[in-house]
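Engineer: Residue numbering for the sequence shown follows my numbering, beginning at 3 and increasing consecutively. Where is the CB? At the ideal position from N, CA and C, for every residue including glycine. Handing you this structure, nothing more for now.
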Amino acid sequence: MVGAGVSTPSGIPDFRSPRSGLYSNLQRYDLPYPEAIFELTFFHHNPKPFFALAKELHPGSYRPNVIHYFLRLLHDKGLLLRLYTQNIDGLERVAGIPASKLVEAHGSFASATCTVCRRPFPGKDVWAEVMVDRIPRCPVCTGIVKPDIVFFGETLPQRFLLHVVDFPMADVLLILGTSLEVEPFASLSEAVRSSVPRLLINRDLVGPFAWRPRSRDVVQLGDMVHSVERLVELLGWTEELQDLMRQEAEKLNGRDR
Ligand code: OAD
Ligand code: ZN
Numbered sequence: 003m004v005g006a007g008v009s010t011p012s013g014i015p016d017f018r019s020p021r022s023g024l025y026s027n028l029q030r031y032d033l034p035y036p037e038a039i040f041e042l043t044f045f046h047h048n049p050k051p052f053f054a055l056a057k058e059l060h061p062g063s064y065r066p067n068v069i070h071y072f073l074r075l076l077h078d079k080g081l082l083l084r085l086y087t088q089n090i091d092g093l094e095r096v097a098g099i100p101a102s103k104l105v106e107a108h109g110s111f112a113s114a115t116c117t118v119c120r121r122p123f124p125g126k127d128v129w130a131e132v133m134v135d136r137i138p139r140c141p142v143c144t145g146i147v148k149p150d151i152v153f154f155g156e157t158l159p160q161r162f163l164l165h166v167v168d169f170p171m172a173d174v175l176l177i178l179g180t181s182l183e184v185e186p187f188a189s190l191s192e193a194v195r196s197s198v199p200r201l202l203i204n205r206d207l208v209g210p211f212a213w214r215p216r217s218r219d220v221v222q223l224g225d226m227v228h229s230v231e232r233l234v235e236l237l238g239w240t241e242e243l244q245d246l247m248r249q250e251a252e253k254l255n256g257r258d259r
């Protein structure tokens with residue numbers, strides 16, 4: 003399970019960190035309160051702040067970091083049952099983790115839907131408009147086309163239901179870079195069997211690790227890059243990870259040229 007903390011080392015702000023978090027830096031968008039940027043009622047009143055944020059988060063402007071590639075390495079080694087992410091930056095895909103291994107629980111910019119007639123559109127149609135500061139409109143009914151990001155109160159994507167089969171099968175649960183404050187995602191942390199070790203790697207102690215710890219919980223607090231590098235070292239994977247990152251950096255350099 004991952005959250006915004008895995009992408010801060012890529013330069014993308016998280017939501018709730020004091021000062022640096024997105025929710026304390028939205029003044030310029032003139033929102034009644036920060037979470038309104040992901041609320042439908044506000045979106046219908048004024049969609050501009052959401053699209054301005056979308057433009058800022060445009061995939062391609064950021065690169066995966068060592069944490070994403072550690073997860074990729076878990077996949078390469080056949081150790082990743084599934085990656086549940088709350089992130090909408092798409093960096094797990096860029097890091098080469100196949101869509102079949104991913105549950106993008108809060109949606110993605112890969113597709114979009116007309117808010118009026120519900121017609122689906124490919125994400126790229128929306129980006130073309132967003133990048134030139136236009137509000138994407140449905141060519142059929144002129145309704146606003148909203149990327150399939152899950153707003154507060156909206157249902158999660160169908161794939162989220164995979165948790166029903168995945169979590170009882172897990173041998174270990176890694177929880178990285180999330181405040182575990184948003185439901186239903188946060189409660190997944192309680193869905194593994196009680197004998198299954200849960201490893202939290204985060205700056206601070208969060209969620210059930212604080213208020214309902216289990217005897218097999220392991221917690222590594224502090225900066226995540228450092229913690230993940232340390233874990234990789236203990237696993238003896240340091241060189242392999244460096245090779246993978248070199249090879250992927252070359253691919254991305256090719257992409258960006
Ligand atoms: P939060 O911003 O709530 O939590 C991020 C966590 O990562 C915090 O506990 C930070 O301390 C920690 N963190 C950040 N950078 C770190 C670093 N370098 N080292 C160690 N820890 C670090 O983000 P999420 O839990 O992902 O919804 O937020 C959940 C949802 O709330 C998001 O998906 C978003 C938001 O509303 C949507 O986008 C729809
Ligand atoms: Zn429409």
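(1) Within 10 angstroms of its Cβ, does Met171 collect 16 or more other Cβ (buried), or is it exposed?
(2) Only counting runs of 3 or more residues, tell me where the beta strand (DSSP E) segments fall wholly within the stretch 74 to 135, in order along the chain.
(3) Shortest alpha-carbon distance to Asp150 belongs to which of Thr180, Phe111 and Thr157?
(4) Please confirm whether Leu201 and Leu223 have their CB atoms less than 8 angstroms apart.
(5) Gly62: which of Leu237, Trp129, His165 and Tyr86 sits nearest, CA to CA?
(6) Suppose you measure from the CA of Lys253 to the CA of Arg65; what does that come to, to the nearest Å?
(7) Is Ile146 helix, strand or coil when you go by DSSP?
(8) Between which two residues does the beta strand (DSSP E) harbouring Arg65 extend?
(9) To which residues does DSSP link Leu175 through a beta bridge?
(10) Pair every Cβ in the stretch 65 to 80 with every Cβ in the stretch 92 to 107, then say whether three or more of these pairs are closer than 8 angstroms.
(11) On the CB-based measure, 16 or more other CB atoms within 10 Å of its CB, does Thr157 come out buried or exposed?
(12) Taking its Cβ as the centre, do 16 or more other Cβ atoms sit within 10 Å of Ala56, making it buried, or is it exposed?
(13) Measuring CA to CA, which of Asp168, Leu182 and Phe211 is closest to Ala193?
(14) Reducing DSSP to helix, strand and coil, say where Leu246 ends up.
(15) Suppose contacts are defined by Cβ-Cβ distances below 8 angstroms. Is Thr180 in contact with Gln88 by that definition?
(16) Any heavy atom of ligand 4 closer than 7 angstroms to the Cβ of Met226?
(17) What residue does the beta strand (DSSP E) around Leu223 start on, and which one ends it?
(18) Would you decide whether Cys140 is buried or exposed? Buried here means 16 or more other CB atoms lie within 10 Å of its CB.
(19) Measure the beta-carbon distance from Ser196 to Pro210 and round it to whole angstroms, keeping in mind my assumption that it falls under 8 angstroms.
(20) Which residue wins for smallest C-alpha separation from Val184, given the options Thr10, Arg18 and Ile14?
(21) Taking 7 angstroms as the line, does the beta carbon of Arg200 fall inside it for any heavy atom of ligand 1?
(22) Please report the straight-line C-alpha distance between Leu42 and Thr240, rounded to a whole angstrom.
(23) Which residues neighbour ligand 2 when neighbourhood means a C-beta less than 6 angstroms away from any of its non-hydrogen atoms? List them by chain order.
(24) Identify the continuous alpha helix (DSSP H) that holds Ser229 and give its terminal residues.
Structural biologist: According to the structure shown:
(1) Position 169 of the sequence shown, counting from 1, holds the residue named residue 171. Exposed, because fewer than 16 other Cβ atoms sit within 10 Å of the Cβ of Met171.
(2) Within the stretch 74 to 135, the complete beta strand (DSSP E) segments at least 3 residues long are 85 to 87, 104 to 106, 109 to 116 and 122 to 124, listed from N- to C-terminus.
(3) As a first step, residue 150 must be located in the sequence shown, where it is residue number 148. Nearest C-alpha to Asp150: Phe111.
(4) As a position in the sequence shown, residue 201 is number 199, starting the count at 1. As a position in the sequence shown, residue 223 is number 221, starting the count at 1. Cβ distance not < 8 angstroms, so Leu201 and Leu223 don't count as in contact.
(5) Position 60 of the sequence shown, counting from 1, holds the residue named residue 62. Here the closest residue by C-alpha is Trp129.
(6) Position 251 of the sequence shown, counted from the start, is the residue given in the question as residue 253. Position 63 of the sequence shown, counted from the start, is the residue given in the question as residue 65. Their Cα atoms are separated by approximately 11 angstroms.
(7) Locating residue 146 in the sequence shown gives position 144, counting from the first residue. If DSSP states are grouped into helix, strand and coil, Ile146 belongs with the strands.
(8) The residue given as residue 65 occupies position 63 in the sequence shown. That residue, Arg65, is in no beta strand (DSSP E); it is neither H nor E in DSSP.
(9) For the purposes of this step, residue 175 is taken as residue 173 along the sequence shown, with counting starting at 1. Residue pairing of Leu175 in beta bridges, as defined by DSSP: Arg200.
(10) Output reads yes: the stretch 92 to 107 touches the stretch 65 to 80.
(11) Taking the sequence shown and counting its residues from 1, the one referred to as residue 157 is at position 155. Burial call: exposed.
(12) The residue labelled residue 56 in the question sits at position 54 within the sequence shown. The residue is buried, with at least 16 neighbouring Cβ atoms inside 10 Å.
(13) The residue labelled residue 193 in the question sits at position 191 within the sequence shown. If we check each option's Cα against that of Ala193, Asp168 comes out closest.
(14) In the sequence shown, counting from the first residue as 1, residue 246 sits at position 244. Reduced to three states, the DSSP call for Leu246 is helix.
(15) For the purposes of this step, residue 180 is taken as residue 178 along the sequence shown, with counting starting at 1. For the purposes of this step, residue 88 is taken as residue 86 along the sequence shown, with counting starting at 1. For Thr180 and Gln88, yes; Cβs fall inside 8 angstroms.
(16) No copy of ligand 4 appears in this structure; the ligands present are ligand 1 and ligand 2.
(17) Here residue 223 is taken as the residue at index 221 of the sequence shown, counted from 1. Its beta strand (DSSP E) spans residues Val220 to Leu223.
(18) Within the sequence shown, numbered from 1, the residue matching residue 140 stands at position 138. Per the 10 Å Cβ criterion, buried.
(19) Reading the sequence shown from its first residue, position 194 is the one you call residue 196. Reading the sequence shown from its first residue, position 208 is the one you call residue 210. With 8 angstroms as the limit, Ser196 and Pro210 do not qualify as a contact, their Cβ atoms being about 12 angstroms apart.
(20) The residue labelled residue 184 in the question sits at position 182 within the sequence shown. Ranking Thr10, Arg18 and Ile14 by Cα distance to Val184 puts Arg18 first.
(21) Within the sequence shown, the letter at position 198 stands for residue 200. The answer is no for Arg200.
(22) Along the sequence shown, one-based indexing puts residue 42 at 40. Along the sequence shown, one-based indexing puts residue 240 at 238. So the two alpha carbons sit approximately 44 angstroms from each other.
(23) Cys116, Val118, Cys119, Arg121, Cys140, Val142, Cys143 and Gly145
(24) Within the sequence shown, numbered from 1, the residue matching residue 229 stands at position 227. Met226 to Leu237 is the span of the alpha helix (DSSP H), which, as asked, contains Ser229.
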